[in-house]
Amino acid sequence: MIDLVQTLGSGILVGLVYALLGLCIVIIFKASEAFNFAIGEFLILGSFLFYVLFFNETLPWHRALPLGALIFLFFSYVLFFDISARFLIALPSGLVTGFLIFCVLFFGLNLPSLVPSPLLRFIIAFPLGLLAAGIVGSMVERITIKPLLGRSPISMTIVTLGLGFFLRGCIQLIWGSHAYPFFLDLPDITIEMGDFLFLSDPIWAGILSLLTFGLVIVFLFRTRWGLAIRATSEDQAKAMAFGINARFILLIVWAISALCIAVAGIMISNFGALQVGMGFVGLRAIPVVLIGGMDSIGGALVGGVIVGMCEALAGAYLEPMGLIGFKDVAPYILLLIVLFIRPYGLFGTVRIERV
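First residue of the sequence shown: 0, per numbering that gives the first Met the number 0; consecutive thereafter.
Next up, the structure:
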């Protein structure tokens with residue numbers, strides 16, 4: 000009984016990370032009805048961006064310079080065309096931003112020397128890494144998704160498939176295919192009560208994932224931009240008729256999604272090492288959202304916890320019986336069972352279309 004409770008508890012903590020990944024799929028689907036299959040690559044990229052800041056991993060100039068130039072062009076474009084800033088403001092602002100990014104990538108922030116405390120360094124590098132991930136997410140949206148607005152959501156979904164391969168190739172080109180040691184050294188909050196033992200890293204992962212999930216909920220339901228996002232997700236044409244800039248809203252959604260994926264990626268990397276192959280963990284979002292419901296934010300939370308517990312139970316009780324690797328398959332078997340019973344997921348909305 001004690002082993003069962005501990006296994007379920009560990010599964011819930013990991014499931015909260017999966018729930019955050021599911022949330023990223025749901026908010027993009029609600030805004031554009033497209034499925035983001037590049038979630039695994041965003042997970043790797045967000046983790047590497049944090050790694051550069053936290054561990055002071057620099058890049059050679061011939062890799063840092065093109066990235067800085069890309070940031071310069073992107074910021075100038077967004078300020079001039081989306082925010083309607085004057086050209087004399089947009090161009091210098093983009094130039095300064097691109098130069099700062101180049102300096103960070105080439106020279107590094109040297110946080111390990113400036114801030115010896117791992118916790119304080121994490122507090123500084125964490126929001127900066129998430130900001131960088133959000134910027135990359137918005138860049139990807141402007142370049143690949145925005146030109147497809149007004150077309151079938153299937154076309155956007157197919158583009159995300161190609162986008163995933165492209166991002167994976169870029170990541171391998173910049174950082175290589177080998178594993179990077181990843182240890183955040185956060186304060187030990189291991190819980191030990193009698194025979195129960197919950198390790199510190201999964202607890203931190205669960206806390207930060209749940210906190211991020213909650214902040215996104217507050218943003219969506221307590222801010223004007225969140226109201227605009229929900230209005231756009233309900234009916235894009237009507238939202239635009241009321242003066243909502245649907246294109247800019249989609250940019251915000253992709254930025255938030257990339258930011259949340261980065262949080263999940265950082266927490267998953269802290270379980271072991273950072274490498275390109277860990278992007279397959281992002282595919283856990285598929286059973287999460289299909290079990291919970293493609294358009295249900297609460298369903299993403301429930302689906303993540305269910306998938307986490309299913310994976311933990313399979314790993315603890317079925318793999319020792321000789322079913323090696325079954326914990327990776329178990330969530331998809333559970334997904335098939337749920338879809339047979341409820342094709343729209345546990346909390347998904349049944350859509351009725353008139354022909």
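For glycine and all other residues, C-beta sits at the position ideal for the given N, C-alpha and C.
Sub-9 Å separation of residue i and residue j beta-carbons
| i | j | result |
| --- | --- | --- |
| residue 293 | residue 25 | yes |
| residue 145 | residue 229 | no |
| residue 311 | residue 129 | no |
| residue 216 | residue 296 | yes |
| residue 120 | residue 110 | yes |
| residue 304 | residue 72 | no |
| residue 289 | residue 334 | yes |
| residue 249 | residue 166 | no |
| residue 181 | residue 50 | yes |
| residue 10 | residue 55 | no |
| residue 23 | residue 238 | no |
Per-residue burial, residue i [other beta carbons within 10 Å of its own, 16 or more giving buried]
| i | result |
| --- | --- |
| residue 35 | buried |
| residue 277 | buried |
| residue 60 | exposed |
| residue 150 | exposed |
| residue 169 | exposed |
| residue 1 | exposed |
| residue 348 | exposed |
| residue 95 | exposed |
| residue 254 | buried |
| residue 211 | buried |
| residue 240 | exposed |
| residue 27 | buried |
| residue 340 | exposed |
| residue 332 | exposed |
Nearest to residue i (by Cα), restricted to the options the options
| i | options | result |
| --- | --- | --- |
| residue 355 | 62, 134 and 122 | What is shown of the chain runs 0 to 354, which leaves residue 355 out entirely. |
| residue 92 | 70, 278, 140 and 102 | 70 |
| residue 134 | 309, 218 and 251 | 251 |
| residue 301 | 345, 140 and 312 | 345 |
| residue 199 | 184, 193, 212 and 208 | 184 |
| residue 337 | 249, 306, 319 and 317 | 306 |
| residue 270 | 208, 169, 201 and 259 | 201 |
| residue 53 | 11, 19, 89 and 117 | 117 |
| residue 160 | 340, 40, 324 and 284 | 40 |
| residue 280 | 309, 253 and 263 | 263 |
| residue 154 | 285, 49, 31 and 249 | 31 |
| residue 152 | 317, 235 and 174 | 235 |
| residue 8 | 329, 308 and 220 | 308 |
| residue 141 | 186, 75 and 331 | 75 |
| residue 272 | 213, 223, 282 and 176 | 176 |
| residue 259 | 332, 125, 220 and 222 | 125 |
| residue 3 | 164, 194 and 57 | 194 |
Close-in-space but distant-in-sequence residues of the same chain around residue i (CB under 6 Å, 5 per side omitted)
| i | result |
| --- | --- |
| residue 29 | 232 and 294 |
| residue 156 | 33 and 34 |
| residue 274 | 178 |
| residue 67 | 97, 100 and 101 |
| residue 174 | 47 |
| residue 158 | 143 |
| residue 265 | 46 and 49 |
| residue 342 | none |
Sequence-distant residues of the same chain with beta carbon closer than 8 Å to residue i, five excluded per side
| i | result |
| --- | --- |
| residue 196 | 5, 189 and 190 |
| residue 78 | 84, 88, 89, 92 and 93 |
| residue 267 | 16, 42, 46, 204, 277 and 280 |
| residue 243 | 227, 230 and 231 |
| residue 114 | 120 and 123 |
| residue 318 | 324, 325 and 326 |
| residue 218 | 224, 225 and 255 |
| residue 208 | 15, 16, 18, 19, 262, 263 and 266 |
| residue 354 | With a pLDDT of 48 at residue 354, under the threshold of 50, the modelled position of this residue cannot be trusted, and the question is left open. |
7 Å CB neighbourhood of residue i in its chain, flanking five on each side removed
| i | result |
| --- | --- |
| residue 291 | 21, 298, 299, 301, 302, 344, 345 and 346 |
| residue 64 | 101 |
| residue 162 | 37, 139 and 143 |
| residue 127 | 52 |
| residue 257 | 41, 45, 132, 133, 135 and 136 |
| residue 287 | 17, 18, 20, 21, 299, 302, 303 and 306 |
| residue 313 | 325, 326 and 329 |
| residue 186 | 118 |
Any non-hydrogen atom of the ligand GDP closer than 8 Å to residue i Cβ
| i | result |
| --- | --- |
| residue 214 | In the structure shown, the ligand GDP is absent, as is every other ligand, since no ligand is present at all. |
(request) May I have a chain-ordered list of the alpha helix (DSSP H) segments no shorter than 4 residues that lie completely inside the region 63 to 126? (result) 86 to 106 and 110 to 113
(request) Report the residue ranges of all beta strand (DSSP E) runs contained in full by the region 301 to 327; include only those spanning at least 3 residues, in chain order. (result) none
(request) Would you mind listing the alpha helix (DSSP H) stretches within the region 175 to 260 that are 4+ residues and don't spill past its ends, in chain order? (result) 199 to 221, 223 to 233 and 235 to 240
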